[in-house]
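A.B. asks: As you go down the protein sequences, you meet chains A and B in turn. Under the working numbering, the first residue of the first sequence is numbered 1, with each subsequent residue one higher. Under the working numbering, the first residue of the second sequence is numbered 330, with each subsequent residue one higher. I'd like to ask you about the structure that follows.
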Amino acid sequence: MKKADKVRKPITTRKRLFLFVLFGWLLLILGDRVGDLELYQGSFVATYALGITSVILLTGYSGQLSLGQSALMAVGAYAGALSIFNAGWHPVIGLIMSALVAGVFGLVLGLVAARLSGPYLAGTTLALAISLPTLANQFPILGAEEGIVFDVGLPPARFGEEFSQYKWFFWISALAALIMVFFIVNLLSSRYGRTFKAVRDNPVAAQLAGINVGRLKVNAFAISSGVAGLSGGLLVMLISGVSPSAFPLSLSFSLLGAAVVTGLYSLKGVILGGLVLVAIPEIADSLVSRIGGSESFTTVLPGFIVSALLILAVVFTPNGPGHLLKKHH
Amino acid sequence: MIRNKSMKRATLASAIVATSAMVLSIVPAHANSTGVTATTIKLGVSTPLTGSAGLVYGKVPGAMRAYFDYINANGGVNGRKISLVIRDDKYLPTLAATQTTNLILKDKVFALVGALGTATHSKAYTAAALAKNNVPDLFINTGFSGFTNKAKYPTTFMVLPTYNMEAKVMAKVIKDNFPGQATFLIAQDDEFGADGVAGFTTAGHKFTASPTLYPQGTMTAARAEGALATLGAIPGKPVLVLFGTTDVTATILKAAEKLELTKKFTFLAGSVGADANTLLALGVKSTTVDGIVSASFMPDAKDLTDPYVKQFVDINTKYNKGITFDNYVLAGMNSAMLTVQALRAAGKNLTRAGLMSAIEAKGSTFASAGLVPLGYSATSRVGYNGYWVSQLNAKGEGKPYGGKLVIYTTDSGAGAVEVSNFVRPTMPKNGIPTNS
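Pasting the structure below:
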């Protein structure tokens, strides 16, 4: 029997938990050894990784193409900001509300969009991405363009004076991302998660096997929205406030692009996706400063690099870098 | 299916990639954390260079840099050359927050100058911990009155008058010059427009109908035509106040051209939305531009009889090659000139706290192109505190309305609008400040 054909023992939840804790511990050590700038960038990596997770969950695992992830992130961001700023709740509750409210919103949206698929669903979610953040301007409670403050407060005094705001951001975003991704990975490796893939690959066969396709798609939409909502909450925590222009349409496209680069059918590369989004402007910046180009060159270079990466990913690793690694073995 | 080994591999690979990328990106600590050395002063700005806002405001940072280059070529400030790090935020809050943080943590600038936008800069201010790090935030390009709150923005100095002041001056202009005419307001639906609406309310002006408010980016030609068609039926020559950006003013004026209503209204455009060059470049006919009334605090960029404008045009020709001189270039160079005076006033032993104290103590006496007084003091972070009223001609030149320059001053509160006899300080020789 060939090695590749061997039936492998599925990874248990306990082992997975151990891996996540180990990874979190590594991040903790790393967080003590880098500067504030790297911690701030790391926080964005974790936040974007969650956003990419929501795209992969929806598009890669349940086969629904959404261009409206930025709008769902906005829903989560506003829910979190209102919970903290208006209701005066603890920031942790605020972030949980980000996920919950966006999840419920996604559930309703999923019910409405259940009959849509392919380009029609993409079109509907695209309209949502364009219109929803702008709607925020219509309600005074949402603070119009200046928005609402999203303040998670200073780090606890027991961490000492050296514990910076950026390290606090990094801890919160990395921990939130780890917990959420752990939950999603567990869900996807469960029996329920496998039905997602069954529906994506062949809805008719899945229905014949007794799976309620419609309900499953709605549920996938709701869970994905919850993840996007948490990502939105973290994003506005990092920029200290929420406003409509924090969620441009380009954010949806960036997340989708990063999901394609890291592989739409696997969650293995989401951190890589987050890194791609954060690191590319930095790489462009240092490249231009080394070769002595102008600011205008710096502004166009990231788009060029992302485009090149997308083309390379589609040609060479259509299923993500993880699959490429596996093939070589 | 997620398998054991591949899962482990992927997790490890992700960890290694994340670790190495972050470790590799560590930048060695700069010797001077404040951005000042014996021979240099490093300043920074996060502003839109690309995107729709970049098209309009993208010239401002280049103009600042050109003026600094001119000063550097003439000895710098107390022997120090000024460098300006420019970062593009595309007018997006997330990018403004990260770019401003980069300016502080990576570029290690001494101070920020000329940051643009309310939604963007309010986020960037907190995210980059400017207050905590006591980073001077000089001459920001937004008129949102919230930035005058010293408790919330302790290191910020505005340069533009507030939108609230502008609306109060406009209300006075309407009352004095267009009595009995119907008045209407079309305003951007955000803090910019809201500040304006509040100013009109404070001034006691009541519009004939409720203001038409539109979210930024939603004023289409069809919407503009719909609004004007309704107002076109009003008898007399109604005053139409446009409180938005120049691209929206252009959309509304072109709608008026299409409906042949250009002579039906008196257009009263706010300072943000009345750049004549941009209007003409966006296809508005010169006959339509002719007659537009606008509030302004700077001289007209086409007025070469103004010594400041003439000097800045010369600097632009030499140090900002290929860029057409307009109101945005003028504004950029003017902010740079104020910055140089602030740096000089702070003395040779340059500190962040010293720079801010110097502006509070001497800022109101700085020479600048503005035709209205500067309002800096120990308690006020407001820049220009008034307006003059201009009328554009067919060439796009702004001339004093009624043929006589009248300067109005006011505040962002309930204070009255008053006529001022302010006389602008004489321009330093060759536009090079020598103050201390």
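We put the beta carbon where it would ideally sit given N, CA and C, even for glycine. Source: prediction; values computed, not measured.
1) To which residues does DSSP link Tyr40 of chain A through a beta bridge?
2) Does Ala4 of chain A come within less than 8 Å of chain B when only Cβ atoms are used?
3) Hey, does Ala350 of chain B have any beta-carbon neighbour from chain A nearer than 8 Å?
4) Going along chain B, which residues have a C-beta under 8 Å from Tyr40 of chain A?
5) With a cut-off of 8 Å, does the C-beta of Val658 of chain B fall near any C-beta of chain A?
6) Under 8 Å, Cβ to Cβ, is there at least one residue of chain A near Pro567 of chain B?
7) Thinking just about the alpha-carbon of each residue, which of A:Phe170, A:Gly80 and A:Pro156 is nearest to the one in Trp25 of chain A?
8) Does Thr134 of chain A have its Cβ less than 8 Å from a Cβ in chain B?
9) For Thr653 of chain B, which residues of its own chain have a beta-carbon under 8 Å away from its beta-carbon, when the five flanking residues on both sides are left out?
10) So the alpha helix (DSSP H) Ile93 of chain A belongs to, where does it begin and stop?
11) Taking beta-carbon pairs under 8 Å, can you tell me which members of the stretch 470 to 493 of chain B lie near chain A?
12) Whose C-beta lies closer than 6 Å to the C-beta of Pro281 of chain A among residues of the same chain, with five residues either side of it excluded?
13) Please confirm if Asp32 of chain A has its CB atom under 8 Å from at least one CB of chain B.
14) Any beta carbon of chain B sitting closer than 8 Å to that of Val314 of chain A?
15) For a test of the three-state rule: what should DSSP assign to Pro422 of chain B, helix, strand or coil?
16) Determine the direct distance from the alpha carbon of Thr580 of chain B to that of Glu495 of chain B, and round the result to whole angstroms.
17) Classify Ala350 of chain B as buried or exposed, calling it buried when 16 or more other Cβ atoms lie within 10 Å of its own Cβ.
18) With a threshold of 8 Å between beta-carbons, can His359 of chain B be considered close to chain A, or not?
19) CB Gly232 of chain A to CB Ala87 of chain A, shorter than 8 Å?
20) In whole angstroms, what is the alpha-carbon distance linking Val638 of chain B and Thr366 of chain B?
21) Whole angstroms are fine: how far does the CA of Thr47 of chain A sit from the CA of Leu175 of chain A?
22) Looking at the unbroken beta strand (DSSP E) that takes in Gln517 of chain B, where does it start and where does it end?
23) Taking DSSP as the reference, what is the three-state secondary structure of Tyr716 of chain B?
24) Using the beta-carbon count (16 or more within 10 Å), is Gln138 of chain A buried or exposed?
25) Comparing alpha-carbon positions, which option in B:Lys592, B:Val669, B:Pro628 and B:Lys566 lies nearest Met393 of chain B?
26) Classify Arg215 of chain A as buried or exposed, calling it buried when 16 or more other Cβ atoms lie within 10 Å of its own Cβ.
27) Would you kindly work out how many angstroms separate the C-alpha atoms of Phe20 of chain A and Tyr166 of chain A, rounded to a whole number?
28) For Pro757 of chain B versus Ala698 of chain B, is the C-beta distance shorter than 8 Å?
29) Assign Gly241 of chain A to one of three DSSP states: helix, strand, or coil.
30) Against chain A, with Cβ distances strictly below 8 Å, would Ser451 of chain B count as a contact?
31) What separation, rounded to the nearest whole angstrom, lies between the Cα atoms of Val260 of chain A and His90 of chain A?
32) Once DSSP output is grouped into helix, strand and coil, what is the label at Phe695 of chain B?
33) Which residues does DSSP list as the beta-bridge partners of Pro729 of chain B?
34) Which one of A:Ser245, A:Met237, A:Val300 and A:Gly226 has the shortest CA to CA distance from Ser54 of chain A?
35) Of the residues B:His450, B:Leu557, B:Leu560 and B:Gly387, which one's Cα is nearest the Cα of Gly147 of chain A?
36) Alpha carbons only, please: which of B:Gly364, B:Ser539, B:Ser600 and B:Gly620 is nearest the one belonging to Lys593 of chain B?
C.D. replies: Taking the geometry as given:
1) For Tyr40 of chain A, which the question treats as bridged, DSSP gives no partner whatsoever.
2) Bear in mind that a pLDDT of 49 at Ala4 of chain A, under 50, signals an unreliable position, so the number given afterwards is only what the model happens to contain. It does not; no Cβ of chain B falls within 8 Å.
3) Residue placement at Ala350 of chain B is flagged as unreliable, the pLDDT there being 43, under the threshold of 50; the coordinate-derived value follows with that caveat. Chain A contact via Cβ: present.
4) Simply Thr427, Thr430 and Leu434.
5) Judged by the 8 Å Cβ criterion, Val658 of chain B is not in contact with chain A.
6) no
7) Of A:Phe170, A:Gly80 and A:Pro156, the smallest CA-CA separation from Trp25 of chain A is found for A:Phe170.
8) At least one beta carbon of chain B lies nearer than 8 Å to the beta carbon of Thr134 of chain A.
9) Asn606
10) Pro91 to Ala113
11) Within the stretch 470 to 493 of chain B, the qualifying residues are Phe473 and Gly475.
12) Pro302
13) no
14) no
15) Reduced to three states, the DSSP call for Pro422 of chain B is helix.
16) Computed Cα separation, rounded: 22 Å.
17) Its pLDDT being 43, under 50, Ala350 of chain B is placed unreliably in this model, and the value from its coordinates should be taken loosely. The residue is buried, with at least 16 neighbouring Cβ atoms inside 10 Å.
18) Only weak support is given to the placement of His359 of chain B: the predicted model assigns it a pLDDT of 36, under 50, and the value that follows is read from those uncertain coordinates. No, its Cβ sits nowhere closer than 8 Å to a Cβ of chain A.
19) No. Outside cutoff.
20) 32 Å
21) 10 Å
22) Start and end: Thr512 to Gln517.
23) strand
24) exposed
25) B:Val669
26) Arg215 of chain A is exposed by the Cβ-count criterion.
27) Their Cα atoms are separated by approximately 22 Å.
28) No.
29) Note: Gly241 of chain A maps to strand in three-state DSSP.
30) yes
31) 36 Å
32) coil
33) B:Ser719
34) Nearest C-alpha to Ser54 of chain A: A:Gly226.
35) B:His450
36) B:Gly620
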